[in-house]
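One structure below.
Chains as they are written, first to last, in the working numbering: chain A, 348 to 475; chain B, 7 to 141.
Spelled out as structure tokens, the structure:
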């Protein structure tokens, strides 16, 4: 893989914010968050493999208010990255790229990620 | 990293557009692109599995976790999907690192990236395999 320097663009501050730009940045940010968050899944599985005591200790941490906030953020991050990925997948077929269409897809991405995440937590956590 | 003479040569539009310069690695970059799309699509299935497992097992006892993940028809596909996620993680982080780091700093960061993805992937897969085969 090439390791040559990529051409760099001017700093963020000089651009007028657009929804497609915001979603592009969010896609990268959620990707990095998911990268770190996968360690949380690995730790949970390791604790379960080790024994009841470590698992209960971990459940206490993950079940605390702080743990729940982190897991809520992680779940939204995963869903958002999935929606963003599917949007890129549509674009790979050179579809939905016209002005208006791409903005609509970008708005749909953030709307869908928030709705799906809230739905998951409402159905499986808060109402369960 | 800040000083100008540390920068690599400035890449012009002509250089990128001209196929004779062989800018970038056509084969590796195409493979990278396709790998990221294919693994990404499979990750939709992973997310479904993850949702099922977390909903069933969040906060539960070890016996419950062994009961669900210990079922080979759930545990083994989940372990395979985590391996695919690790590939996607490494590939995606590579895009980020390429954008901001060059030369030896890039190589070092890329090595740490590989190490992290390997450890997270193998640890999770190892834990699942342990639960499936040894309870």
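In this text, a Cβ means the ideal position worked out from N, Cα and C, and glycines have one as well.
task = Quick one: residues in its chain with C-beta nearer than 6 Å to the C-beta of residue 95/B, no 5 flanking neighbours on either side, listed in chain order?
result = For residue 95/B, where only same-chain residues beyond five positions count, the Cβ hits under 6 Å are 123.
query = Measuring CB to CB, does residue 398/A end up less than 8 Å from residue 68/B?
reply = Between residue 398/A and residue 68/B, the CB-CB gap stays under 8 Å.
message = Taking a contact to mean a Cβ-Cβ separation below 8 Å, would you say residue 381/A touches residue 435/A in this structure?
response = Not closer than 8 Å, so no.
query = Is residue 371/A helix, strand or coil when you go by DSSP?
reply = The DSSP-derived three-state label of residue 371/A is helix.
ask   = Thinking C-alpha only, which one of 441/A, 395/A, 354/A is nearest residue 81/B?
value = For residue 81/B, the nearest C-alpha among the options comes from 395/A.
query = Got a sec? Which residues, its chain only, sit under 7 Å from residue 51/B by beta carbon, not counting five neighbours each side?
reply = Cβ neighbours of residue 51/B beyond the five flanking positions: 87.
message = Any contact between the stretch 398-412 of chain A and the stretch 61-76 of chain B? By contact I mean 3 or more CB pairs, one from each, below 8 Å.
response = Yes, the stretch 398-412 of chain A touches the stretch 61-76 of chain B.
task = Count the other C-beta atoms from every protein chain shown that fall within 10 angstroms of the C-beta of residue 364/A, then say buried if there are 16 or more, exposed otherwise.
result = Around the Cβ of residue 364/A, a 10 Å sphere holds fewer than 16 other Cβ atoms; the residue is exposed.
request  = Take every Cβ of the stretch 28-36 of chain B, pair it with every Cβ of the stretch 439-452 of chain A, and state whether three or more of those distances are shorter than 8 Å.
outcome  = The answer is no - the stretch 439-452 of chain A does not touch the stretch 28-36 of chain B, with fewer than three Cβ pairs under 8 Å.
inquiry  = Against residue 126/B, what residues of chain A qualify as contacts under a CB-to-CB distance less than 7 Å, listed in chain order?
reply    = Correct list: 385, 386, 389.
message = So residue 17/B contacts chain A; which residues on that side make the cut at Cβ distance below 9 Å?
response = Within 9 Å Cβ-Cβ: 351, 352, 353, 354.
ask   = Helix or strand or just coil, what does DSSP make of residue 39/B?
value = Here residue 39/B sits in helix by DSSP.
key: Close Cβ partners of residue 141/B (< 7 Å) along its chain, the five nearest in sequence each way excluded   = Counting only Cβ-Cβ distances below 7 Å, and skipping sequence neighbours, we find 72, 76.
Neighbour list for residue 453/A in chain B, Cβ cutoff strictly below 8 Å = Within 8 Å Cβ-Cβ: nothing; residue 453/A doesn't reach chain B, min ~18 Å.
key: Cβ neighbours of residue 138/B in the same chain (closer than 6 Å, five flanking residues each side left out)   = Same-chain partners within the cutoff: 76, 78, 81.
ask   = Given that residue 399/A touches chain B, what residues does it touch there, using C-beta distances under 9 Å?
value = Per Cβ cutoff of 9 Å: 67, 68, 69.
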